[in-house]
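Trainee: Before I ask anything, let me first share the structure, which is written out below as structure tokens.
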Amino acid sequence: MRKLVSSAIANARVKADAASVRFDPSELVIAEAFVDEGPTLKRIRPRAQGAPRASSSAPATSR
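Letter by letter, the sequence shown follows residues 1 to 63 of UniProt numbering.
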């Protein structure tokens, strides 16, 4: 989650710079953050080490 929050701060900073708006990270509010099931990559090999690997996505919404 720390990486998600730092990414949200960086995205907000880039958008503020593009719009020529002052950006203060202490005023940023994370409105919604959750972890959702991502696409399942089936990396199965026909031998003993083959196992399906699952992944996840974690979108966040800020105001």
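Glycine residues also receive a C-beta, built at the ideal position from the N, C-alpha and C atoms.
All figures in this text were calculated on a predicted structure; none of them were measured in a lab.
Go ahead and pull the three-state DSSP assignment for A60.
Mentor: strand
Trainee: Which class does D17 belong to by DSSP, given the choice of helix, strand or coil?
Mentor: helix
Trainee: From R13 to T61, what does the alpha carbon distance come to, in whole angstroms?
Mentor: 14 Å
Trainee: By the three-class DSSP mapping on this structure, what secondary structure does R2 have?
Mentor: helix
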